[in-house]
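The next block holds one structure in the form of structure tokens; read it before the comments.
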Amino acid sequence: AQSVTQLDSQVPVFEEAPVELRCNYSSSVSVYLFWYVQYPNQGLQLLLKYLSGSTLVKGINGFEAEFNKSQTSFHLRKPSVHISDTAEYFCAVSKAAGNKLTFGGGTRVLVKP
Amino acid sequence: DVKVTQSSRYLVKRTGEKVFLECVQDMDHENMFWYRQDPGLGLRLIYFSYDVKMKEKGDIPEGYSVSREKKERFSLILESASTNQTSMYLCASSFRTGSETQYFGPGTRLLVL
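These protein sequence lines map, in sequence, to chains A and B. In short: position in the first sequence from 1, add 14, done, that's my numbering. In short: position in the second sequence from 1, add 24, done, that's my numbering.
Structure representation (structure tokens):
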């Protein structure tokens, strides 16, 4: 079975500063990796996903993530955050041969003015 | 745009009541999912369905059942609600394979008294 660990439960950050959200996974088989975002009082929406190919993945709203197979990590970054990036971010993994997602515990990002 | 709708945003029920949560998607997706979201635990899969009348248990199926009579509709049933089922419930849908994005509804916040 696979598992996902998000190392930070909360990340406070000032507006226009960079942010990195850490995600590590464990799996004995090939996986797909995802980052979802949940804005207050909404469902989740996809930020980006890694399926294969280039290990640097660009997503919506200026976010990007890097897949590191040797460290089994998929950290999310944004060089300059906005107040509107205040949300909860979830890392998730699915088996390449499956169709179910396993989610991490989430990281709450609070962007301060 | 993909749309996943859930029948209620907020629901208050009493212990022992039978509770139905409905989810409808309009994208002809084969897969539909029910998750439970609790602080610090991320999203945990309760059940999923990969076709009409087909279902599989997720990670925490105890106390829940599901029904999928039509492709666009997936219902979650709490046979006898208990206080430990107070939570946020999220429905999602996707095309069949593990690489596909899951699309989420806005969630139902259930309070069991």
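Virtual Cβ for every residue (Gly too), placed ideally from N, Cα, C. Note that the structure is predicted; figures quoted are calculated from it, not measured.
Taking 9 angstroms as the upper bound on Cβ-Cβ separation, chain A lies near residues GLU80, GLY82 and ASP83 of the segment 80–95 of chain B. The beta carbon of ALA31(A) sits closer than 8 angstroms to those of SER94 and VAL95, all from its chain and outside the five residues before and after it, given in chain order.
For ASN75(A), the three-state secondary structure derived from DSSP is helix. The shortest C-alpha to C-alpha distance from SER87(A) to any of ASN38(A), LEU21(A) and THR19(A) is the one to ASN38(A).
With a contact defined as Cβ atoms closer than 8 angstroms, LYS114(A) and PHE72(B) qualify at about 6 angstroms.
Cβ atoms of THR116(A) and GLN20(A) stay farther apart than 8 angstroms, at about 12 angstroms. Taking a cut-off of 8 angstroms on C-beta distances, the segment 44–60 of chain A touches the segment 70–88 of chain A, as three or more cross pairs fall below it. Going by DSSP, GLU93(B) is part of the beta strand (DSSP E) stretching over 88–94.
In terms of beta-carbon proximity, PHE128(B) lines the interface with chain A, with at least one pair separated by less than 7 angstroms.
In this structure, GLY119(A) and SER23(A) form a Cβ contact; the two beta carbons are roughly 7 angstroms apart against a cut-off of 8 angstroms. A direct Cα-Cα distance of roughly 21 angstroms separates PRO26(A) from GLN59(A). Here ALA106(A) has PHE48, LEU115 and PHE117 as same chain residues with Cβ atoms under 6 angstroms from its own Cβ, once five neighbours each way along the sequence are excluded.
Using a Cβ-Cβ cut-off of 9 angstroms, PHE104(A) is close to GLY66 and LEU67 of chain B, given in chain order.
Annotated three-state conformation of THR39(B) is coil, per DSSP. Under the Cβ criterion of 7 angstroms, SER108(A) is counted among the residues facing chain B.
DSSP links MET112(B) through a beta bridge to GLN61(B) and ARG133(B).
Rounded to the nearest whole angstrom, the C-alpha separation of GLU96(B) and PRO127(A) is 43 angstroms.
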